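Chemist: Each residue of the sequence shown is one higher than the one before, counting from 62 in the working numbering.
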Amino acid sequence: MEDGKQATPWSEGPLEARKFPALGLIIFCVLCCWLPAQQQMLQPPESSTPEKDVACQGLRQDPRLHWQGGPALGRSFLHGPQLDNGQLRVQRDGIYRLHIQVTLTNCSSSVKSLVSRRAVLAVGICSPAARSVSLLRLNFHLSCTVSSQRLTYLAHGDTLCTNLTLPLLPSQNSDETFFGVQWVHH
Numbered sequence: 062m063e064d065g066k067q068a069t070p071w072s073e074g075p076l077e078a079r080k081f082p083a084l085g086l087i088i089f090c091v092l093c094c095w096l097p098a099q100q101q102m103l104q105p106p107e108s109s110t111p112e113k114d115v116a117c118q119g120l121r122q123d124p125r126l127h128w129q130g131g132p133a134l135g136r137s138f139l140h141g142p143q144l145d146n147g148q149l150r151v152q153r154d155g156i157y158r159l160h161i162q163v164t165l166t167n168c169s170s171s172v173k174s175l176v177s178r179r180a181v182l183a184v185g186i187c188s189p190a191a192r193s194v195s196l197l198r199l200n201f202h203l204s205c206t207v208s209s210q211r212l213t214y215l216a217h218g219d220t221l222c223t224n225l226t227l228p229l230l231p232s233q234n235s236d237e238t239f240f241g242v243q244w245v246h247h
C-alpha cells in the first residue's frame with residue numbers, strides 16, 4: 062500500500078469486497094434492534110400479569126395465605142385477575158403460568174430440623190367447588206424456601222388458594238414471598 066500505511070482487509074481490494082464488513086455491521090444492528098421488538102410483541106400485555114404479595118398478620122388460625130395487591134406494593138398488577146378475600150380469582154379462560162415462592166419467617170437451623178420436614182405449601186383451585194383441584198404441593202424438606210412454577214388451564218371464576226402448614230408464618234418481604242399468574246394463551 063502507498064504512503065507507508067498498513068493494509069487491512071477493509072482498506073484495499075475491489076469496492077465490493079470492502080462492502081462486506083459494513084454490510085455485516087448493518088445486518089447485525091438491524092437484528093439487534095428488530096428481534097427484541099418482535100419478541101416483545103409476542104409477550105402478553107403487562108396488564109395481564111398480576112403478581113400479588115403476601116400479607117399475613119399475627120398468629121394464623123387458617124392455613125390459607127391471604128394475598129394483597131396494589132400500586133403501593135411495587136410489583137403488583139391488578140388488571141386481569143382480581144383479589145377476592147385475599148385469594149386470586151381469574152377473570153378469563155386460558156393457559157396461565159402460575160408462579161409462587163414462599164420463605165418461612167424466622168427460619169433457623171433448629172426450626173428447620175423440627176418443623177420444615179413436615180412443612181407443606183399447597184396451591185389449588187378452591188372454588189368453584191365443582192373444579193376443586195390441587196395444582197402444586199411443595200415440601201420444604203430441610204429448607205426455608207420453596208418455589209415453583211407451572212403452566213395450567215384456568216377458567217373464568219376459578220379462585221386459587223394457597224395453604225401453608227400451620228403454625229408456620231411466611232416472610233412478609235415481597236422479594237422472599239410472592240405469588241402470581243400470567244396469562245399465556247386463550
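All C-beta atoms in this analysis are idealised placements derived from N, C-alpha and C, irrespective of residue type, glycine included.
Everything numeric in this text was worked out from a predicted model, so none of it was measured.
Is DSSP giving ARG179 helix, strand or coil here?
Modeler: coil
Chemist: I'd like the span of the beta strand (DSSP E) that includes HIS160, first residue to last.
Modeler: Counting along the chain, the beta strand (DSSP E) containing HIS160 begins and ends at 155 to 164.
Chemist: So, for ARG211: in the same chain, excluding its five sequence neighbours on each side, which residues have a beta-carbon less than 6 Å away from its beta-carbon?
Modeler: Answer for ARG211: LEU159, listed in chain order.
Chemist: THR226 to ASP123, Cα distance in whole Å?
Modeler: 9 Å
Chemist: Tell me which same chain residues have a C-beta within less than 6 Å of the C-beta of GLY147, skipping the five on either side of it?
Modeler: HIS127 and TRP128
Chemist: According to DSSP, is SER170 helix, strand or coil?
Modeler: helix
Chemist: Measure the C-alpha to C-alpha separation of ASP219 and GLN152 and round it to an integer number of angstroms.
Modeler: 8 Å
Chemist: For ASN234 and ARG192, I'd like the C-alpha separation in whole angstroms.
Modeler: Rounded to the nearest angstrom, the two C-alpha atoms are 32 Å apart.
Chemist: What number of angstroms, rounded off, separates the C-alpha of ARG198 from the C-alpha of VAL242?
Modeler: 17 Å
Chemist: Which value, in whole angstroms, describes the spacing of the CA atoms of LEU149 and SER169?
Modeler: 31 Å
Chemist: Can you tell me the Cβ-Cβ gap for LEU248 and SER232, rounded? I've got them flagged as a contact below 8 Å.
Modeler: In the structure as shown, the chain starts at 62 and stops at 247, and residue 248 therefore has no counterpart that could be examined.
Chemist: Could you give the residue range of the beta strand (DSSP E) that holds ASP145?
Modeler: The continuous beta strand (DSSP E) containing ASP145 extends over residues 143 to 145.
Chemist: Do you know offhand how far HIS246's Cα is from CYS222's?
Modeler: 22 Å
Chemist: On a CA-only basis, which of TYR157, LEU196 and CYS205 is nearest THR238? Give me that one, please.
Modeler: CYS205
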